[in-house]
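Residue numbers (the UniProt record's numbering): 1 to 126.
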Amino acid sequence: MADDGEDHHRTAERGPPPLRDHRRRTRLYCMNGGHHLQILPDGTVRGRREDGDVHSKTILSIIKPTVSDESYFLEKLEENHYNTYRPQKYLERKWYVALKKSGKPKVGPRTHIGQKAVFFLPPSIQ
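Structure, rendered in structure tokens:
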């Protein structure tokens with residue numbers, strides 16, 4: 001019994017996992033339909049089921065002359081261990097980045113926190 005308490009104590013000391021480096025390239029996998037979020041060079045946003053596409057790996061590392069105040073998102077780790085992304089410019093509107101089951105982007109005003117379309121897993125890219 002003493003060993004169990006000791007292990008629990010060690011776990012409690014570790015605390016929450018460290019935050020990810022926001023500069024690191026990340027792929028976003030959507031809970032809704034199993035798509036990876038893509039941003040193409042022309043600015044088109046869509047979801048693709050293929051895992052290895054180069055455009056699926058640039059969602060959080062886009063640096064172009066066209067970056068505007070609408071290009072910044074607030075990332076939040078939700079209770080279900082998925083992440084949600086909200087545009088900083090429209091935080092008060094509670095819009096989310098979301099993909100439909102077809103892989104097409106969902107418009108902000110039609111999104112809310114209970115939808116599968118807004119939940120993403122961000123596995124790191126090596």
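Backbone N, C-alpha and C define an ideal beta-carbon position, used for all residues, glycine too.
Computed from a predicted structure; not experimentally measured.
Span of the beta strand (DSSP E) around residue i
i   : result
N73 : Asn is not the amino acid found at residue 73; the sequence shown has Phe there. 73–77 is the extent of the beta strand (DSSP E) around F73.
Three-way DSSP call (helix, strand, coil) for residue i in this model
i    : result
L91  : helix
P122 : coil
H8   : Because the pLDDT of H8 is 45, which lies under 50, any placement of that residue in the model is unreliable, and the number read from its coordinates should be weighed accordingly. Three-state DSSP puts H8 in a helix.
Per DSSP, cross-strand counterpart(s) of residue i
i           : result
H35         : For H35, which the question treats as bridged, DSSP gives no partner whatsoever.
residue 128 : A question about residue 128 goes unanswered here, because the residues of the chain that appear run from 1 up to 126.
Y85         : E75
residue 197 : Residue 197 is absent from the structure shown; the chain starts at 1 and stops at 126.
For residue j and residue i, believed in contact at Cβ under 8 Å, the rounded distance
i    : j    : result
L99  : H35  : 5 Å
R27  : P123 : 6 Å
N83  : K76  : 7 Å
G47  : L40  : 12 Å between Cβ atoms; not a contact.
Y96  : R86  : 6 Å
K101 : D69  : Not really, about 30 Å apart at Cβ, beyond 8 Å.
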